[in-house]
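Participant: Using the working numbering, the letters of the sequence shown map in sequence onto residues 6 to 281.
Ideal placement from N, C-alpha and C gives every residue a C-beta, glycine not left out.
First the structure, then my questions, so here it is.
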Amino acid sequence: MSTPTRLHFQVYGPDDAASIVFLHGGGVASFMWQPVIEHLPEYHCLAPDLPQHGGSQEVGPFSMQLAAEQVAALICEQAHGGRCHLVGLSEGAQVAVQLLVNAPELVERALISSALLLPIKGLRWVMSPGALAWTYRLSVAPFKHSDWWIRVNMKYSANVPEQLFPQFKQAFVSLSESAFVNIMLANQHFRLPAGMQAVSTPTLIVVGRKEFAAMHRSAHELAEALPQSKALQLSLGRSATLAREHNWALTEPDLFAETVRAWIEGQPLPPELRDL
Numbered sequence: 006m007s008t009p010t011r012l013h014f015q016v017y018g019p020d021d022a023a024s025i026v027f028l029h030g031g032g033v034a035s036f037m038w039q040p041v042i043e044h045l046p047e048y049h050c051l052a053p054d055l056p057q058h059g060g061s062q063e064v065g066p067f068s069m070q071l072a073a074e075q076v077a078a079l080i081c082e083q084a085h086g087g088r089c090h091l092v093g094l095s096e097g098a099q100v101a102v103q104l105l106v107n108a109p110e111l112v113e114r115a116l117i118s119s120a121l122l123l124p125i126k127g128l129r130w131v132m133s134p135g136a137l138a139w140t141y142r143l144s145v146a147p148f149k150h151s152d153w154w155i156r157v158n159m160k161y162s163a164n165v166p167e168q169l170f171p172q173f174k175q176a177f178v179s180l181s182e183s184a185f186v187n188i189m190l191a192n193q194h195f196r197l198p199a200g201m202q203a204v205s206t207p208t209l210i211v212v213g214r215k216e217f218a219a220m221h222r223s224a225h226e227l228a229e230a231l232p233q234s235k236a237l238q239l240s241l242g243r244s245a246t247l248a249r250e251h252n253w254a255l256t257e258p259d260l261f262a263e264t265v266r267a268w269i270e271g272q273p274l275p276p277e278l279r280d281l
């Protein structure tokens with residue numbers, strides 16, 4: 006990789022173990038993976054802050070292509086043997102999809118959870134740069150010093166546990182208007198990249214049972230495009246919410262870690278994951 010990574014990242018685990026790279030969702034940062042990584046002490050884990058997130062605020066403007074290029078550089082520089090197992094959730098899952106097309110040789114196995122590849126019905130009218138800028142000005146900018154409002158967002162939009170409030174608050178406060186607009190536009194406009202059929206990386210595709218229909222169709226589309234993939238539905242019970250299943254790395258970190266370990270090691274997957 007000719008260009009070195011500019012991403013801020015965290016490193017965990019032994020120096021002689023296989024590497025796992027974790028890609029976080031939009032609007033947060035690498036801190037969201039701490040509860041999962043704690044359950045995977047035997048692996049060398051890398052958790053970067055994606056462009057315009059966390060410690061990578063100066064890397065941008067955010068796009069899936071830029072994020073994938075920067076993560077690929079990180080893998081080449083920091084992953085053991087220059088290869089890794091790749092895990093992505095939500096916007097991080099979209100970045101993982103782009104990276105699989107760009108540089109599949111860097112990834113041994115991938116877990117892609119909730120990668121949106123199709124438009125969500127009813128959101129198109131708010132997904133213009135101008136509308137998103139006003140959304141930021143009305144719902145983010147005035148509340149950067151309101152712990153109450155930040156906690157509401159933390160709980161109901163992301164299901165982030167209370168112990169991660171300081172990190173979530175820092176991510177909320179540091180989110181700029183341009184970053185918000187770029188991240189949201191990239192998330193909603195991302196579509197299946199050309200060339201997926203040539204990717205031979207074994208890939209586990211996961212979607213929550215209560216997630217939007219567009220997310221389920223996206224999982225089916227991705228599974229059809231990737232020849233070495235397996236698509237499963239996560240079910241956390243009748244009382245589970247969409248947010249809880251979408252952000253299961255935060256709400257069920259032990260289950261998420263168990264799934265990562267089982268997929269990497271070729272073991273049976275947890276019963277909460279069923280055929281899609």
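In whole angstroms, what separates the C-alpha of Ala101 from that of Glu47?
Facilitator: Cα to Cα, the separation comes out at about 23 Å.
Participant: When DSSP builds the beta bridges, which residues end up paired with Phe27?
Facilitator: DSSP, once it has assigned bridges, lists Val92 as partnering Phe27.
Participant: Can you grab the Cα-Cα spacing for the pair Ala52 / Leu128, in whole Å?
Facilitator: Using only the alpha carbons, I get a separation of about 30 Å.
Participant: According to DSSP, simplified to helix, strand and coil, what is Ala115?
Facilitator: Reduced to three states, the DSSP call for Ala115 is strand.
Participant: Taking the CB atoms as reference points, tell me whether Leu91 and Leu71 lie closer together than 8 Å.
Facilitator: No. Outside cutoff.
Participant: Cutting at 7 Å between CB atoms, please list the residues of its own chain near Met220, excluding the five before and the five after it.
Facilitator: Correct list, in chain order: Ser119, Leu121 and Val212.
Participant: Three Cβ pairs or more, each shorter than 8 Å: is that satisfied between the region 6-23 and the region 167-177?
Facilitator: With the cut-off at 8 Å, the region 6-23 and the region 167-177 do not touch.
Participant: Put Lys215 into one of helix, strand or coil per three-state DSSP.
Facilitator: In the structure shown, Lys215 sits in coil (DSSP, three-state: anything other than H, G, I, E or B).
Participant: Among Ala34, Gly135, Phe67 and Ile117, which one has its Cα closest to the Cα of Gln233?
Facilitator: Comparing Cα positions, the closest option is Ile117.
Participant: Could you say which of Pro9, Ser133 and Ile80 lies nearest to Glu110 if we only look at CA atoms?
Facilitator: Here the closest residue by C-alpha is Ile80.
Participant: Could you tell me the distance, in whole angstroms, from the CA atom of Met6 to the CA atom of Phe67?
Facilitator: Interpretation of Met6 is limited by its pLDDT of 44, a score under 50 that renders its predicted location unreliable; the figure taken from the coordinates is listed afterwards. Met6 and Phe67: Cα-Cα distance of roughly 20 Å.
Participant: Among residues of its own chain, excluding the 5 on either side of Gly87, which ones have a beta-carbon nearer than 8 Å to its beta-carbon?
Facilitator: For Gly87, where only same-chain residues beyond five positions count, the Cβ hits under 8 Å are Ile80, Cys81 and Leu111.
Participant: Taking only the alpha-carbon atoms, compute the straight-line gap between Pro147 and Tyr141 and give it to the nearest angstrom.
Facilitator: Distance between the alpha carbons of Pro147 and Tyr141: 9 Å.
Participant: Can you name, in chain order, every residue of its own chain whose Cβ lies under 6 Å from the Cβ of Leu45, other than the five neighbours on each side?
Facilitator: Result list for Leu45: Ala262, in chain order.
Participant: Quick check: what's the CA-CA separation for Pro134 versus Val64?
Facilitator: Looking at the two C-alpha atoms, the distance is approximately 20 Å.
Participant: Nearest CA to the CA of Ala236: which residue from Leu209, Ala245 and Ala254?
Facilitator: Out of Leu209, Ala245 and Ala254, Leu209 has the C-alpha closest to the C-alpha of Ala236.
Participant: Can you tell me where the alpha helix (DSSP H) with Ser179 in it begins and where it stops?
Facilitator: It spans Phe170 to Ser179 - the alpha helix (DSSP H) in which Ser179 sits, taken as one unbroken run.
Participant: Kindly indicate the opening and closing residues of the beta strand (DSSP E) around Arg279.
Facilitator: Per DSSP, Arg279 belongs to the beta strand (DSSP E) from Leu278 to Asp280.
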